[in-house]
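Under our numbering, read the sequence shown as residues 93 to 778, first letter to last. Just so you know, even glycine gets a beta-carbon here, dropped at the ideal spot from N, CA and C. This one's a predicted model, so the numbers in the text were calculated from it and none came from an experiment. Worksheet: the structure to be examined is printed underneath.
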Amino acid sequence: MFVLFEEAGKYLGGRVLSEAEASAQVELDTGKRVKVKGVNIVLRFEKPAPAELMAEARALAATMDLDLAWEFAAEGEFGFAELAADYFSDKPTLAQQAAALFALFEAPHYFRRAGKGRFKKAPAEIVQQALAAIEKKKVVQAQIVEWAGQLAEGVCPQPIREQLYKILFKPDKNAPEYKAVVDAARATQRPPLELLERAGAIDSPYQFHWRRFLFENFPKGTGFPALAAPAIVDELPLAAGVQAFSIDDSQTTEIDDALSVQGLGSGTVTVGIHIAAPGLALTPGSAIDQVARARMSTVYMPGHKITMLPDEVVNAYTLLEGGDRPAVSLYARFDEATLELQSTETKLERVPIVANLRHDQLDSVVTQPWLEDASFTGENTPEAAANLRAPLSFLFRLAKQLKAQREVVRGKPENFNRPDYNFRLVGKDGEPNGSEQVQITTRQRGAPLDLIVSEAMILANSSWGGWLGELGVPGLYRSQASLAPGIKVRMGTRALPHAGLGVKSYAWSTSPLRRYTDLVNQWQIIAAARHGKTAALAAPFKPKDADLFSILSGFDAAYATYNAYQGGMERFWTLKYLEQQGITELEVTVIKDIQNGALVRADTLPLVFPVAGQQERGARLRVKLGEIDEIALDVHGTVLERLDAPKADAATEEESGDEEEEEVAGPIAIAVDLTDSEAAPENTPA
Numbered sequence: 093m094f095v096l097f098e099e100a101g102k103y104l105g106g107r108v109l110s111e112a113e114a115s116a117q118v119e120l121d122t123g124k125r126v127k128v129k130g131v132n133i134v135l136r137f138e139k140p141a142p143a144e145l146m147a148e149a150r151a152l153a154a155t156m157d158l159d160l161a162w163e164f165a166a167e168g169e170f171g172f173a174e175l176a177a178d179y180f181s182d183k184p185t186l187a188q189q190a191a192a193l194f195a196l197f198e199a200p201h202y203f204r205r206a207g208k209g210r211f212k213k214a215p216a217e218i219v220q221q222a223l224a225a226i227e228k229k230k231v232v233q234a235q236i237v238e239w240a241g242q243l244a245e246g247v248c249p250q251p252i253r254e255q256l257y258k259i260l261f262k263p264d265k266n267a268p269e270y271k272a273v274v275d276a277a278r279a280t281q282r283p284p285l286e287l288l289e290r291a292g293a294i295d296s297p298y299q300f301h302w303r304r305f306l307f308e309n310f311p312k313g314t315g316f317p318a319l320a321a322p323a324i325v326d327e328l329p330l331a332a333g334v335q336a337f338s339i340d341d342s343q344t345t346e347i348d349d350a351l352s353v354q355g356l357g358s359g360t361v362t363v364g365i366h367i368a369a370p371g372l373a374l375t376p377g378s379a380i381d382q383v384a385r386a387r388m389s390t391v392y393m394p395g396h397k398i399t400m401l402p403d404e405v406v407n408a409y410t411l412l413e414g415g416d417r418p419a420v421s422l423y424a425r426f427d428e429a430t431l432e433l434q435s436t437e438t439k440l441e442r443v444p445i446v447a448n449l450r451h452d453q454l455d456s457v458v459t460q461p462w463l464e465d466a467s468f469t470g471e472n473t474p475e476a477a478a479n480l481r482a483p484l485s486f487l488f489r490l491a492k493q494l495k496a497q498r499e500v501v502r503g504k505p506e507n508f509n510r511p512d513y514n515f516r517l518v519g520k521d522g523e524p525n526g527s528e529q530v531q532i533t534t535r536q537r538g539a540p541l542d543l544i545v546s547e548a549m550i551l552a553n554s555s556w557g558g559w560l561g562e563l564g565v566p567g568l569y570r571s572q573a574s575l576a577p578g579i580k581v582r583m584g585t586r587a588l589p590h591a592g593l594g595v596k597s598y599a600w601s602t603s604p605l606r607r608y609t610d611l612v613n614q615w616q617i618i619a620a621a622r623h624g625k626t627a628a629l630a631a632p633f634k635p636k637d638a639d640l641f642s643i644l645s646g647f648d649a650a651y652a653t654y655n656a657y658q659g660g661m662e663r664f665w666t667l668k669y670l671e672q673q674g675i676t677e678l679e680v681t682v683i684k685d686i687q688n689g690a691l692v693r694a695d696t697l698p699l700v701f702p703v704a705g706q707q708e709r710g711a712r713l714r715v716k717l718g719e720i721d722e723i724a725l726d727v728h729g730t731v732l733e734r735l736d737a738p739k740a741d742a743a744t745e746e747e748s749g750d751e752e753e754e755e756v757a758g759p760i761a762i763a764v765d766l767t768d769s770e771a772a773p774e775n776t777p778a
């Protein structure tokens, strides 16, 4: 005897080997033996064989008119054999009964299951809704097939183009656009990103990187709501005798900091470090604060930037020359001869800004000889620099002393062997589009003006960080436990040492127009300046404030993302520079061993990339460049010749406090899963 039975939502057939009161031992066509409960058996028959019966029944079920079957079906509960009798004939055949069973079982929108082999008609309105949904699904599926075909032919449908970044990085895996990409990638055996690029979905490599960044970080765009900068209501005293000046690049609009020097020749010199004071006007939780907190920092990239604050707000508080600007000032008094720090004092005041000096205009003028030898005369010295020669000379002398003191604490000198690279896009009018001609120039790290500014800012950040710690006022600190390998810079709310800088504590406070951490710390510093020892009670953020930890976490994540994007765009323009200049070979230095090769750094460009073959660390090579991939930001090299033998003490390991080694680009991680379009997203290399 044979039986047809239900098992785990499927109907199977087999030969009965033995049967008890409530179950039967059944052998399937595959030879597998299973125990079947009696209630699960729906048909018993002598012939034909189960496989033959089921094949005939399924073919017959496919011809059944479900609308007609629904009309014929009884209003109450019924069995499949009853429907077969109503639909086919009074005495339906075994195949007709099985066909009715399969048709009923596989049409839940028409018939609801009421037990093993028993069913009940679905209400008419439910049937109509289900049929409409099925028809809609057919239309959507047809659309998926059409779009997949177009992609395979190298044409990108507009709906897919419009959702490109969502499909690649944050997909709805039930969306037809996503499914079309998956189907086309499977059919063509092409990686999804390559498929889409070939179909013209990506306007240009630059636009791909830019729009992806906006999609992931600025989904609502980079514009600001209409916000007016509130006025500073405090009656701030004028800083008497101060003639402050800033030192920035020409492109800088957010002028956060300025310097001043008083008392030259008197034996005691007072250095003023003046920081723009938006914290005197903005308040935590205000509309402008919410905008700043959402962005956390200005985003920098060659030829463009996305500011943390609207231009109108920046312009209200920036330290622009030609007027008295509100500032939070740190005054540090030094013995003029020994440069010993005697005392510090913080003031809230208005500071006269007499000049905005620019690096790119003065680096060739304000040199070490010009600063150290009063008789040295340079050519074409701008009047603003000439007028400030004495204070600049003192600041340079002080900066060298402060750096030397920090290096004693560090236990080793800071390494300024690598230059800084400046990118300039020629022909850029507004936001870049990736077609601009790029110029890359160098400025040696530790140049006099750089050193003056960096040491002054380290002094301010470490002094204010220590002061807040003494008063019990929490802040946002950067710390590094030691210079041992693997010990990285971390952020926290406690004043801890920063081994990389050689200071007891370090709280970013000198860029409140550009970094949200600095604005938060400025609010705390203002409270300290106003309330002294009771500042912890009056400061906006209290010890163990959950909101402060939330800001720290959010800033850390955003800042890392922005820095990674800036690094990626600098790499993009470096690769573009190679193409524009027709550079096919580079001289490089080996910096690291990697699997099956080595990592090298170009000697004259900001570019790290792999070369094939093991190489000795520190060796200098000439390499031939391979094909450049502007989407993956990737290029590989082949060694042509060894330029020199490495020295035994040639150390290429460089550590500079806050900096991490540049990462080499690789495959773009996308969230398109070709193995199962319904599965959870996973990183799939393009």
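Q: Work out the CA separation of Leu717 and Leu732 for me, nearest whole Å.
A: 10 angstroms
Q) DSSP three-state call for Ala368: helix, strand or coil? A) strand
(Q) Shorter than 7 angstroms, the distance from the beta carbon of Pro566 to the closest heavy atom of the ligand MN, or not? (A) As presented, the structure is devoid of all ligands, the ligand MN included, so that no description of it is given.
**Q.** Arg709 - DSSP class collapsed to helix/strand/coil
**A.** coil
Q. Can you tell me whether Pro635 is buried or exposed, with buried defined as 16 or more other CB within 10 angstroms of its CB?
A. exposed
Q) Three-state secondary structure (DSSP) at Met661? A) helix
Q: To the nearest angstrom, report how far apart Glu254 and Phe180 are at their CA atoms.
A: 52 angstroms
Q.
Excluding the 5 residues flanking Leu256 on each side, which residues of the same chain have their C-beta closer than 6 angstroms to its C-beta?
A. Ala293
Q) Which term fits Asn448, buried or exposed, when burial requires 16 or more other beta carbons within 10 angstroms of its beta carbon? A) buried
Q. Count the other CB atoms within 10 Å of the CB of Thr609; is the residue buried (16 or more) or exposed (fewer)?
A. buried
Q | DSSP three-state assignment for Arg107, whether helix, strand or coil | A | strand
**Q.** Separation of Lys312 from Asp452, as counted between CA atoms
**A.** 35 angstroms
(Q) For the structure I just gave you, are there three or more beta carbon pairs, one from the stretch 174-193 and one from the stretch 136-150, closer than 8 angstroms? (A) yes
Q.
With H, G and I counted as helix, E and B as strand and the rest as coil, what does DSSP make of Tyr654?
A. helix
Q. Taking DSSP as the reference, what is the three-state secondary structure of Ile762?
A. strand
Q.
Which of the three DSSP states is assigned to Val420 in this structure?
A. strand
Q) Is it true that the CB of Leu629 sits closer than 8 angstroms to the CB of Val727? A) no
Q) Could you give the distance in angstroms between the alpha-carbon of Ala772 and the alpha-carbon of Leu494? A) Its pLDDT being 33, under 50, Ala772 is placed unreliably in this model, and the value from its coordinates should be taken loosely. Whole-angstrom Cα-Cα distance: 54 angstroms.
Q) If you pair each beta-carbon of the stretch 354-364 with each one of the stretch 414-434, do three or more pairs fall below 8 angstroms? A) yes
Q.
Let me check understanding here. Comparing Cα to Cα, which of His201, Gly578, Ala147 lies closest to Val219?
A. His201
Q: Measure the beta-carbon distance from Gly538 to Phe508 and round it to whole angstroms, keeping in mind my assumption that it falls under 8 angstroms.
A: 4 angstroms
Q: Kindly provide the ranges of any beta strand (DSSP E) runs that are 3 or more residues long and lie completely inside the stretch 521-553, ordered along the chain.
A: 529-536
Q) Between the C-alpha atoms of Thr626 and Ile617, what's the straight-line distance to the nearest angstrom? A) 12 angstroms
Q | Inter-residue Cα distance where the pair is Glu751 and Arg498 | A | With a pLDDT of 40 at Glu751, under the threshold of 50, the modelled position of this residue cannot be trusted; read the value that follows with caution. Cα-Cα distance, rounded: 17 angstroms.
Q) Whose C-beta lies closer than 6 angstroms to the C-beta of Glu148 among residues of the same chain, with five residues either side of it excluded? A) Ala187
Q: Flag this pair as yes or no: are the beta carbons of Val334 and Pro483 separated by less than 8 angstroms?
A: no
Q | Alpha carbon of Gln250 to alpha carbon of Met393, nearest angstrom | A | 30 angstroms
**Q.** Given Leu433 as reference, the closest of Asp340, Ala548, Val405, Gln531 once Cα atoms are compared
**A.** Ala548
Q. Can you give the Cα-Cα distance for Ala408 and Ile339, rounded to whole angstroms?
A. 19 angstroms
Q: Give me whichever residues DSSP pairs with Asp427 in a beta bridge.
A: Thr360
**Q.** One or two residues paired with Arg304 in a DSSP bridge
**A.** Beta-bridge pairing links Arg304 to no other residue.
**Q.** Span of the alpha helix (DSSP H) around Arg290
**A.** 284-290
Q: Count the other C-beta atoms from every protein chain shown that fall within 10 angstroms of the C-beta of Gly105, then say buried if there are 16 or more, exposed otherwise.
A: buried
Q | Enclosing alpha helix (DSSP H) for Glu148 [first to last residue] | A | 142-153
(Q) Less than 8 angstroms between C-beta atoms, sequence neighbours within five positions excluded: which residues of the same chain meet that for Ser435? (A) Ala424, Arg425
(Q) Comparing C-alpha positions only, which one of Arg489, Asn472, Val391 sits nearest to Tyr650? (A) In the sequence as displayed, the identity of residue 650 is Ala instead of Tyr. Ranking Arg489, Asn472, Val391 by Cα distance to Ala650 puts Val391 first.
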